[in-house]
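Enquirer:
Residue numbers (the UniProt record's numbering), protein chains in the order written: chain A, 1 to 93; chain B, 1 to 290.
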């Protein structure tokens, strides 16, 4: 399942998407260490599979927590996307 | 004299008298404690054995017990005979006897897959207080979903409000909505409170009840179709939840989408609890293999 975490404002809808089907086979769990803010957690989902999610306490402030990794110019590769060896994490913006 | 409650839908239980559950391998149950109704489903070796559908009270644990007790009635089975119990729905974390809580989105997808067959790809769950458009794969696993805004418009509760306003038993609304010469324009689909005021105005203008009902069914269909269009409708398409029994809304949704929804002889309201019982079976088998 593609789990979308994000927000909507005057300029559009912005999401971090985690493709949890890709998480199932992942043993590295690079997302846990990859995010400087520690926003990711591994949980057991409804299908008894271990998948990544954004922790509850971060879900309503993604806009602010992700801002440090997303400067307007000279944006480096996103650390969470780089750390995810399964290629399960995508940002819409 | 007690006032008649037109919104009150039929609460009932059922069990398969031809099945002997003694000595069977797996007995699992799903309990769906929704915001308006609660259902309990018992499956014996993966086959539907018993269910009950009742109104949710103010106390979720009590509603879960009530639904389960009613499903067990006259079966000779007790709660202890059930090997795995899954709680789902709005009150899933308040099912005291559940071995596991699973979201109603996952349960409706799995229940819908069992009820309508593996060809189902889009399920519209029209619940008492919310509405969800769910995409699933051939195993009934959720691939994507979208929920309605926080509003009773397009939900079972909205229909209950209209049944009371018009003094029409809720089971008759679907049939009555077709008794119009020409389809009226929909009333407000933004909000049930606005729709109710608009309907009161139309009644005062002299509109017959069936025309007002048709206008509301039209509005409800329009509301959920806009939700479905945001996520996209992949064939086959099916409707679960209580409103799935209201042909006045179902037919209008089909008309707007240009797609016919799959039909079933089962009660669409038990899809969530059925999915819970199916999850229970899978989890039980998995735990036995360990």
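Note that CB positions come from ideal geometry on N, CA and C, so glycine has one too.
What are the start and end residues of the alpha helix (DSSP H) that includes residue 202 of chain B?
Expert: 192 to 204 is the span of the alpha helix (DSSP H), which, as asked, contains residue 202 of chain B.
Enquirer: Using only alpha-carbon positions, find the residue among B:180, B:67, B:82 that is nearest to residue 45 of chain B.
Expert: Of the candidates B:180, B:67, B:82, the one whose C-alpha sits nearest the C-alpha of residue 45 of chain B is B:82.
Enquirer: I want to verify the contact list: residues of chain B whose CB lies under 7 Å from the CB of residue 9 of chain A, in sequence order.
Expert: What residue 9 of chain A touches in chain B: nothing, since even the nearest Cβ is about 17 Å away.
Enquirer: Given a cut-off of 8 Å on the beta-carbon distance, is the pair residue 107 of chain B and residue 279 of chain B in contact?
Expert: Their beta carbons are under 8 Å apart, which means residue 107 of chain B touches residue 279 of chain B by this criterion.
Enquirer: Under the three-state reduction of DSSP, which class applies to residue 180 of chain B: helix, strand or coil?
Expert: Residue 180 of chain B: coil per DSSP, three-state reduction.
Enquirer: So, helix, strand or coil for residue 59 of chain A, using DSSP?
Expert: Three-state DSSP puts residue 59 of chain A in coil, outside helix and strand.
Enquirer: Could you name the residues of chain B that residue 60 of chain A contacts, counting a contact when the two beta carbons are closer than 7 Å?
Expert: In chain order: nothing, as chain B lies at least about 15 Å away.
Enquirer: What are the uninterrupted segments assigned as beta strand (DSSP E) that are 3 or more residues long and contained completely in the region 63 to 146 of chain B, given in chain order?
Expert: Counting only runs of 3 or more, we get 84 to 88, 122 to 126, 131 to 136.
Enquirer: Is it a yes or a no for the region 169 to 182 of chain B touching the region 203 to 215 of chain B, going by three-plus beta-carbon pairs under 8 Å?
Expert: In short, these stretches touch, since the Cβ pair count reaches three.
Enquirer: Report the three-state DSSP secondary structure of residue 45 of chain B (helix, strand or coil).
Expert: Reduced to three states, the DSSP call for residue 45 of chain B is coil.
Enquirer: Give the range of the beta strand (DSSP E) segment to which residue 72 of chain A is assigned.
Expert: Where residue 72 of chain A is concerned, there is no enclosing beta strand (DSSP E), given that its DSSP letter is neither H nor E.
Enquirer: In or out: residue 27 of chain A buried (at least 16 other Cβ within 10 Å) or exposed?
Expert: With fewer than 16 Cβ atoms within 10 Å of its Cβ, residue 27 of chain A is classed as exposed.
Enquirer: Does the beta carbon of residue 2 of chain A sit closer than 8 Å to a beta carbon anywhere in chain B?
Expert: Judged by the 8 Å Cβ criterion, residue 2 of chain A is in contact with chain B.
Enquirer: Please name the residues in the region 223 to 239 of chain B whose beta-carbon is closer than 8 Å to at least one beta-carbon of chain A, in chain order.
Expert: Those would be none; no residue qualifies.
Enquirer: Does the count of Cβ pairs from the region 53 to 60 of chain B and the region 31 to 43 of chain B closer than 8 Å reach three?
Expert: Touching, yes.
Enquirer: Write down the C-beta distance between residue 231 of chain B and residue 46 of chain A rounded to the nearest angstrom, noting that I regard them as a contact closer than 8 Å.
Expert: Their Cβ separation, rounded to whole angstroms, is 19 Å, which puts residue 231 of chain B and residue 46 of chain A out of contact at 8 Å.
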